[in-house]
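*Asks:* Next up is a structure, given as structure tokens.
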Amino acid sequence: NAGVTQTPKFRVLKTGQSMTLLCAQDMNHEYMYWYRQDPGMGLRLIHYSVGEGTTAKGEVPDGYNVSRLKKQNFLLGLESAAPSQTSVYFCASSTSDPGTDTQYFGPGTRLTVL
Amino acid sequence: DQQVKQNSPSLSVQEGRISILNCDYTNSMFDYFLWYKKYPAEGPTFLISISSIKDKNEDGRFTVFLNKSAKHLSLHIVPSQPGDSAVYFCAALNTGNQFYFGTGTSLTVIP
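As given, the protein sequences belong to chains E and L, one line each in that order. With positions in the first sequence counted from 1, the corresponding number in the numbering used here is that position plus 813. With positions in the second sequence counted from 1, the corresponding number in the numbering used here is that position plus 186.
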């Protein structure tokens with residue numbers, strides 16, 4: 814039982830390049846989330862998904878796209894990376910009742926955009 | 187606009203003493219609150235939670251207090267141990283199932 818895994822762990826991009834971050838969970842959770850963590854800003858929700866085939870915008874969705882084609886995977890895409898997207902990205906998952914359960918987080922992806 | 191705030195970026199406490207971490211929120215629609223602990227290079231892990239219908243929840247050395255009228259919650263760790271040294275995030279959940287996190291407080295427990 815691996816929990817929540819993220820690929821890759823580190824990445825350096827040049828401005829304008831694109832990439833996809835992969836999140837996978839093996840806990841059969843309905844809900845999945847993508848956050849970014851910046852110094853002094855805490856964790857901010859980018860996008861989330863309440864089930865396979867569904868996605869919704871969080872606090873800071875601009876510049877990102879997501880897809881949830883399979884229940885266990887949640888992909889975060891950057892179509893044209895900008896230096897402002899330099900951050901640590903965390904994926905999380907939870908059961909369908911997050912009011913009584915908690916989120917389980919992946920180890921994070923450190924992204925640098927030059 | 188930060189809806190969940192942790193105004194103390196860092197806190198140092200002697201081993202064996204009490205650690206008190208504070209969190210304030212602005213949205214009265216939040217109905218569930220959580221504390222997470224984060225070590226460097228790892229994702230946050232769940233520590234303890236409290237529903238808005240309660241004012242206290244205890245789990246071993248960890249107790250969370252909620253003061254709804256003041257829109258304030260706190261995490262008490264007694265006794266503090268060196269292994270408790272980490273960054274602590276408070277989070278709030280709204281009725282739309284979105285989590286809002288504070289900026290974190292770095293706790294150092296001095297042996």
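Quick reminder that beta carbons are idealized off the backbone N, C-alpha and C, glycines included.
Which ranges does the beta strand (DSSP E) cover as unbroken runs of at least 3 residues, wholly within the segment 205–258 of chain L, from first to last along the chain?
*Replies:* Taking only runs of at least 3 residues, the beta strand (DSSP E) segments lying wholly in the segment 205–258 of chain L are 205–211, 218–224, 231–237, 242–245, 248–253.
*Asks:* What residue range is occupied by the uninterrupted beta strand (DSSP E) comprising Q898(E)?
*Replies:* For the purposes of this step, residue 898(E) is identified with residue 85 of the first sequence, where counting begins at 1. Element bounds for Q898(E): n/a, residue is neither H nor E.
*Asks:* Does DSSP put D839(E) in a helix, a strand or coil?
*Replies:* Position 26 of the first sequence holds residue 839(E). DSSP places D839(E) in coil when its eight states are reduced to three.
*Asks:* How far does the beta strand (DSSP E) with Q157(L) in it extend, from its first residue to its last?
*Replies:* No information on residue 157(L) is available, as it lies outside the stretch 187 to 297 that chain L covers here.
*Asks:* Beta carbon of G282(L), beta carbon of V190(L): below 8 Å?
*Replies:* For the purposes of this step, residue 282(L) is taken as the residue at position 96 of the second sequence. For the purposes of this step, residue 190(L) is taken as the residue at position 4 of the second sequence. Not in contact: G282(L) and V190(L) (Cβ atoms no closer than 8 Å).
*Asks:* Based on Cα-Cα distance, which residue from L252(L), N280(L), F275(L), Y286(L) lies nearest to K232(L)?
*Replies:* Here residue 232(L) refers to the residue found at position 46 of the second sequence. With the sequence shown as reference, residue 232(L) is identified as Phe, and Lys is not the correct amino acid for it. If we check each option's Cα against that of F232(L), F275(L) comes out closest.
*Asks:* What are the start and end residues of the beta strand (DSSP E) that includes R849(E)?
*Replies:* Your numbering for residue 849(E) matches position 36 in the first sequence. Per DSSP, R849(E) belongs to the beta strand (DSSP E) from 844–851.
*Asks:* Looking at the unbroken beta strand (DSSP E) that takes in Q916(E), where does it start and where does it end?
*Replies:* For the purposes of this step, residue 916(E) is taken as the residue at position 103 of the first sequence. Looking at the DSSP string, Q916(E) is not in any beta strand (DSSP E), and its letter there is neither H nor E.
*Asks:* Just to confirm my understanding: we take A837(E), look at its own chain, exclude 5 residues before and 5 after, and list those with CB closer than 6 Å. What are they?
*Replies:* If you number the first sequence from 1, residue 837(E) lands on position 24. The residues are T818, Q885, N886.
*Asks:* If the criterion is Cβ atoms closer than 8 Å, does the pair Q916(E) and S900(E) meet it?
*Replies:* Here residue 916(E) refers to the residue found at position 103 when the first sequence is read from its first residue. Here residue 900(E) refers to the residue found at position 87 when the first sequence is read from its first residue. Not closer than 8 Å, so no.
*Asks:* Suppose the cutoff is 8 Å on Cβ atoms and the five residues either side in sequence are ignored; what does the same chain contact list for P896(E) look like?
*Replies:* Here residue 896(E) refers to the residue found at position 83 of the first sequence. T828, V926, L927, listed in sequence order.
*Asks:* In this structure, how does DSSP classify G855(E) when only helix, strand and coil are distinguished?
*Replies:* Residue 855(E) sits at position 42 when you count from the first residue of the first sequence. Strand.
*Asks:* Using a Cβ-Cβ cutoff of 8 Å, what residues of the segment 837–870 of chain E are near chain L? List them in chain order.
*Replies:* Cβ contacts with chain L: Y844, Y846, Y848, G853, M854, G855, L856, R857, L858, Y861, V863.
*Asks:* If we count Cβ pairs, one from each stretch, closer than 8 Å, do we get three or more for the segment 844–859 of chain E versus the segment 196–205 of chain L?
*Replies:* Segments in contact, no.
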